[in-house]
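Read top to bottom, the protein sequences are chains A and B.
In terms of this note's numbering, the first sequence opens at residue 7 and continues consecutively.
In terms of this note's numbering, the second sequence opens at residue 32 and continues consecutively.
Heads up, the beta-carbon is just placed ideally off N, CA and C, and yes, glycines get one too.
Keep in mind it's a predicted model, so treat the numbers as computed, not measured.
For reference, the structure is listed below as structure tokens.
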Amino acid sequence: MTSPSVRKKNRLSEAVQNIRPSGIRRFFDMASTMEDVISLGVGEPDFVTPWNVREASIDSMERGYTAYTANPGIIELREAIAGYLEQQFQTPYDPEKEMIVTVGASEAIDIAVRATVNPGEEVIVVEPGFVSYAPIVSLAGGKPVPLGTRKEYAFKLTKEELESVITPNTKAIMLSFPNNPTGAVMTKEDLAPLADVIEKHDLLVLSDEIYAELSYDHSHYSVAKLPGMKERTILISGFSKAYAMTGWRLGFVCAPPDITAAMLKIHQYTMMCASTPAQFGALEALKSGRDDVERMITSYKQRRNYIVKSFSEIGLSCHSPGGAFYAFPSIEDTGMTSDEFAEGLLKEEHVAVVPGNVFGEGGEGHIRCSYATSMESLETAVERMGRFLRKHAT
Amino acid sequence: METHELEILQLVEENGRLDVSTMAKMVDRREDEVQAVLNKLEKENVIVSYAAVVDWSKVEEREGVTAMIDVKVTPQRGVGFDEVAERIYRFPEVKALYLVSGAYDLSVVIDGNTMSDIAGFVSEKLSTLESVISTTTHFRLKTYKHDGVVFEDGEDDDKRIVVSP
Ligand SMILES: Cc1ncc(COP(=O)(O)O)c(C=O)c1O
Numbered sequence: 007m008t009s010p011s012v013r014k015k016n017r018l019s020e021a022v023q024n025i026r027p028s029g030i031r032r033f034f035d036m037a038s039t040m041e042d043v044i045s046l047g048v049g050e051p052d053f054v055t056p057w058n059v060r061e062a063s064i065d066s067m068e069r070g071y072t073a074y075t076a077n078p079g080i081i082e083l084r085e086a087i088a089g090y091l092e093q094q095f096q097t098p099y100d101p102e103k104e105m106i107v108t109v110g111a112s113e114a115i116d117i118a119v120r121a122t123v124n125p126g127e128e129v130i131v132v133e134p135g136f137v138s139y140a141p142i143v144s145l146a147g148g149k150p151v152p153l154g155t156r157k158e159y160a161f162k163l164t165k166e167e168l169e170s171v172i173t174p175n176t177k178a179i180m181l182s183f184p185n186n187p188t189g190a191v192m193t194k195e196d197l198a199p200l201a202d203v204i205e206k207h208d209l210l211v212l213s214d215e216i217y218a219e220l221s222y223d224h225s226h227y228s229v230a231k232l233p234g235m236k237e238r239t240i241l242i243s244g245f246s247k248a249y250a251m252t253g254w255r256l257g258f259v260c261a262p263p264d265i266t267a268a269m270l271k272i273h274q275y276t277m278m279c280a281s282t283p284a285q286f287g288a289l290e291a292l293k294s295g296r297d298d299v300e301r302m303i304t305s306y307k308q309r310r311n312y313i314v315k316s317f318s319e320i321g322l323s324c325h326s327p328g329g330a331f332y333a334f335p336s337i338e339d340t341g342m343t344s345d346e347f348a349e350g351l352l353k354e355e356h357v358a359v360v361p362g363n364v365f366g367e368g369g370e371g372h373i374r375c376s377y378a379t380s381m382e383s384l385e386t387a388v389e390r391m392g393r394f395l396r397k398h399a400t
Numbered sequence: 032m033e034t035h036e037l038e039i040l041q042l043v044e045e046n047g048r049l050d051v052s053t054m055a056k057m058v059d060r061r062e063d064e065v066q067a068v069l070n071k072l073e074k075e076n077v078i079v080s081y082a083a084v085v086d087w088s089k090v091e092e093r094e095g096v097t098a099m100i101d102v103k104v105t106p107q108r109g110v111g112f113d114e115v116a117e118r119i120y121r122f123p124e125v126k127a128l129y130l131v132s133g134a135y136d137l138s139v140v141i142d143g144n145t146m147s148d149i150a151g152f153v154s155e156k157l158s159t160l161e162s163v164i165s166t167t168t169h170f171r172l173k174t175y176k177h178d179g180v181v182f183e184d185g186e187d188d189d190k191r192i193v194v195s196p
């Protein structure tokens, strides 16, 4: 038993008590105990990191690069990232003053929020959206303000909707396109009207562009490219998705020099630097990984096409997601909640998906299906889902 | 060749058993269009055949041997290497034949039931061809990877956790 000297009351901070554990956890626990589960619940690539990248990292360790690096990351890597951002997205950043290599985009989101948000300030968070944004804002003392996107508008954000949630306390907006879980993308034309609102209200933009490369219908357009936006934008990205490097934990964040310096203070005290072997792997990925990235993009696109059409054949209505590797079909016609649907599908047909409500209230009525899995699994999953829908037809 | 034709070619090269209907969805075309592309590519002999990659070392009933033979030949006036190549590839035991640059000219891959089968083929059929100058035979001991596929079990297992954000 706990000894009386151990503090029991108020052991945990209010901040941590106020955030809820991720709803994804419950499905992970359920699915982990079952055999022959086909999982469309995985939020990461099904490719193993290309061998040349793994090899470069092994080589760096053999050569003895096992010490800390400079806080913002090895300069060769930052220069390569700068070159990559300029070439792929025409968003040039100074590798010395405007960039930090982080422990995944996850850390980048955290330090971006902590470097800019004061207690009580509001951060607009797009919903449905990635599960970490709101908790990270809350942990920093800020107030996450959900802003729902709608399937009628392909889960894009509109100017009117944005204006409707802005208050004098609004500090920043967290953009996330291509979006997890909806797969929605925003083109230049979609973003431009938002930029006017953002400037008018003098907001910061935290733009999580981790899926930028995985844009299938148009090339990705970064909000930082719009006139006047770069000086108020924190661009977050990383190697997890396009380079199939999730487990390496490597990302980066780019921002104007004052914000970068502020983020660097947090990074240097909490992380020191990102993993050294991972940085060497990433350097190789940027130097010679282009063909692999293109190959993976083509494969995701084919699977996207397949799943969207197959879903419509079995009667699941699904907008065509322009990016990322998720389909986000509506299950409203079944009369089930997304939790009921996902749980039923897992128990009866052994197919794991993630209920939309996990990604914010706006996600209710939908399920997230990751198509980053083999064609064979996708075909079986579609077949089983078709059977499930027929059985529960109302 | 158009993009979707290239895509179809890459898809069947990787998996010759993919349904036309599945492929049609993947490349965003109608089924009859995909079928037409396949017919055309088959007719033009771009798609030469559909075959499976088999790891015969797992099949007890079959104890064959495979050898790679480096062959040096004198090219013939007018036909170069083609005539002797043809005389070699007509033998059914020849599985593959390549003209290569470097220290020798032809690389022959041959299957046999036993090592002496292969020795017999080399001494009686290959070396006796008029233009063949010399041969060097290498027996294959183990296949690690063939046609882009690693034979080691477990290589392709999904190592991800089942549900993640
Ligand atoms: C939108 C989004 N942002 C960030 C992340 C986290 O990425 P990283 O692995 O770089 O921390 C994910 C991962 O699922 C994501 O979907």
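Could you give the DSSP three-state label for residue i: helix, strand or coil?
i	result
B:Leu231	With chain B represented from 32 up to 196, any question about residue 231 of chain B goes unanswered, as that position is not in the structure.
B:Asp148	helix
A:Arg393	helix
A:Met277	coil
A:Glu133	strand
A:Ser318	helix
A:Ile25	coil
A:Val360	strand
B:Met32	coil
A:Gly287	helix
A:Tyr90	helix
A:Phe334	coil
A:Gly244	strand
B:Leu69	helix
B:Val163	strand
B:Val193	coil
B:Val181	strand
B:Phe170	strand
A:Pro141	helix
B:Ser52	helix
A:Phe258	strand
A:Val151	strand
A:Ile81	helix
A:Lys415	No information on residue 415 of chain A is available, as it lies outside the stretch 7 to 400 that chain A covers here.
B:Lys176	strand
A:Val299	helix
A:Gly329	strand
A:Arg120	helix
Report yes if the CB atom of residue i is closer than 8 Å to the CB atom of residue j, and no otherwise.
i	j	result
A:Phe394	A:Glu355	yes
A:Asn77	A:Gln285	no
A:Lys157	A:His325	yes
A:Ile106	A:Leu270	yes
A:Lys177	A:Val123	yes
A:Val129	A:Val137	no
B:Glu62	B:Val51	yes
A:Leu232	A:Val203	no
A:Lys131	A:Tyr139	It is Val, not Lys, that sits at residue 131 of chain A in the sequence shown. For A:Val131 and A:Tyr139, yes; Cβs fall inside 8 Å.
A:Leu384	A:Arg301	no
B:Ser162	B:Val104	yes
A:Thr72	A:Thr282	yes
A:Glu127	A:Gly154	no
A:Ser228	A:Phe95	yes
A:Leu289	A:Ala114	no
B:Thr53	A:Met381	yes
A:Ser221	A:Val191	yes
A:Pro101	A:Ile81	yes
B:Lys56	A:Tyr312	yes
**OP:** Let me have the residue list for ligand 1: C-beta closer than 6 Å to any non-hydrogen atom, ordered along the chain.
**Re:** A:Gly49, A:Gly110, A:Ala111, A:Ser112, A:Phe136, A:Ser182, A:Asn186, A:Asp214, A:Ile216, A:Gly244, A:Ser246, A:Thr252, A:Gly257, B:Pro196
Subject >> Complete beta strand (DSSP E) runs within the region 169-242 of chain A (minimum length 3 residues, chain order) >> reply: 176-181, 210-214
**OP:** Indicate whether the contact test is met: 3 or more Cβ pairs, each with one atom in the region 259-271 of chain A and one in the region 55-70 of chain A, closer than 8 Å.
**Re:** no
Original post:
Is there contact here, the region 214-222 of chain A with the region 182-191 of chain A, by at least three beta-carbon pairs under 8 Å?
Top reply: yes
Subject >> Whole runs of the beta strand (DSSP E) within the region 80-159 of chain B, excluding any shorter than 3 residues >> reply: 96-104, 125-130, 137-143
**OP:** Tell me the start and end of each unbroken beta strand (DSSP E) in the region 35-62 of chain A that is at least 3 residues and wholly inside, in chain order.
**Re:** none
Original post:
Do three or more CB pairs link the region 286-296 of chain A to the region 336-344 of chain A at distances below 8 Å?
Top reply: no
**OP:** May I ask you to verify whether the region 111-122 of chain B touches the region 130-140 of chain B, counting CB pairs closer than 8 Å and requiring at least 3?
**Re:** yes
Original post:
Can at least three beta-carbon pairs, one atom from the region 20-34 of chain A and one from the region 346-366 of chain A, be found at a separation below 8 Å?
Top reply: yes
Original post:
Would you call the region 72-88 of chain B and the region 166-179 of chain B touching, i.e. three or more CB-CB distances under 8 Å?
Top reply: yes
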